[in-house]
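Novice:
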Amino acid sequence: MVFLEAPAGVGFSQPLLASSDYNDHTTAANTHEFLRVFFDAYPSFQNRPFYIAGESYAGRYIPFLITKLLASPLPKVHLVGFLIGNPSTNYEIDHNSYVDYYYTHGLISLENYLAVGAACGDNVGRCVVSSVNCSAACEAALQDGILSIDEPALNRYYIYGDVCLLNKSQAHPFKYRNLRPPPTPLSDAVTTP
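For the sequence shown, the tail end lands on 194 under this note's numbering, and the numbers increase by one without skipping.
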């Protein structure tokens, strides 16, 4: 198993280009080049079943890489499949799905669900990412419904599991700063997990 940080500049790696020069296409091209060099350097791994796996933003990187590998196959690399866990594919689609997810898992009431649907329509994703194109009614419905349950003590990716609250500032996990006011100096003193 090989773990690869991509694009360069994330994790412990150092970027080779200016940050504005990286996008999903350059990341796929750089990863394609890495795989070519890797399989040349380690021929014992050639012609074995090869899988690509990732999570989160890999929901964007992996399809770009697979497309690149199909367009420019690497000799002796036997691509069998790929796996993406908890993929981030499209912010608007991903965030729009939260409403249904929270409602069908009993995290918001029918009233909240209907209020968000009526006020936001298909704009939930756009409003969660940025309040610029978000109506006041949608913002209020999101605040009352979805954002009210987005607490640090809830892991929205695995709602049935325990959450480990480390000795970090309680204000640190606040999400969606565009819809919530920034934490005040007393946030840690007046908030509880």
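Using N, Cα and C, we set each Cβ at its ideal position, and we do this for glycine too.
Using the Cα positions of Arg49 and Leu75, report the straight-line distance between them to the nearest angstrom.
Specialist: Roughly 13 Å separates the two Cα atoms.
Novice: Using 10 angstroms around the beta-carbon of Pro8, count the other beta-carbons present and answer buried if the total reaches 16, otherwise exposed.
Specialist: Buried, by the Cβ-count rule.
Novice: How far does the beta strand (DSSP E) with Phe4 in it extend, from its first residue to its last?
Specialist: It is not in any beta strand (DSSP E) - Phe4 carries neither H nor E in the DSSP assignment.
Novice: Could you check whether Ile109 and Gly146 sit closer than 8 Å to each other, using their CB atoms as the reference points?
Specialist: Yes, they are a contact pair.
Novice: Relative to the alpha-carbon of Val129, which residue among Phe39, Asp95, Thr90 and Gly12 has its alpha-carbon at the smallest distance?
Specialist: Among Phe39, Asp95, Thr90 and Gly12, the Cα nearest to that of Val129 belongs to Asp95.
Novice: Would Gly118 pass as a contact of Ile85 if the rule is Cβ separation under 8 Å?
Specialist: No; because the gap between Cβ atoms is not below 8 Å, this pair is not in contact.
Novice: Can you say whether Gly126 is buried or exposed, counting buried as having 16 or more other CB atoms within 10 angstroms of its CB?
Specialist: Gly126 is buried by the Cβ-count criterion.
Novice: Considering Asn87, what are the terminal residues of the alpha helix (DSSP H) in which it resides?
Specialist: Unbroken run through Asn87 is the beta strand (DSSP E), His79 to Pro88; no alpha helix (DSSP H).
Novice: Contact check, Gly62 vs Gly82 under 8 Å by CB: the rounded distance?
Specialist: Here residue 62 is Tyr; the residue named in the question, Gly, does not match the sequence. Contact flag wrong, Cβ pair sits at about 16 Å.
Novice: Would you kindly work out how many angstroms separate the C-alpha atoms of Ser132 and Asn97, rounded to a whole number?
Specialist: Approximately 14 Å, taken between the alpha carbons.
Novice: Tell me whether Pro50 sits in a helix, a strand or coil according to DSSP, three-state version.
Specialist: The answer is strand: DSSP assigns Pro50 an E or B state.
Novice: Spatial neighbours of Pro16 within its chain, please: C-beta separation below 8 Å, excluding the five flanking residues on both sides.
Specialist: So the qualifying residues of the chain are Pro8, Ala9, Gly10 and Tyr23.
Novice: Alpha carbon to alpha carbon, how far is Ala30 from Tyr99? Give it in angstroms, no decimals.
Specialist: In a straight line, the C-alpha of Tyr99 is about 32 Å away from that of Ala30.
Novice: The alpha helix (DSSP H) spanning Tyr102 covers which residue range?
Specialist: Counting along the chain, the alpha helix (DSSP H) containing Tyr102 begins and ends at Tyr92 to Thr105.
Novice: Look up Gly146 in the DSSP assignment and say whether it is helix, strand or coil.
Specialist: Three-state result, Gly146: coil.
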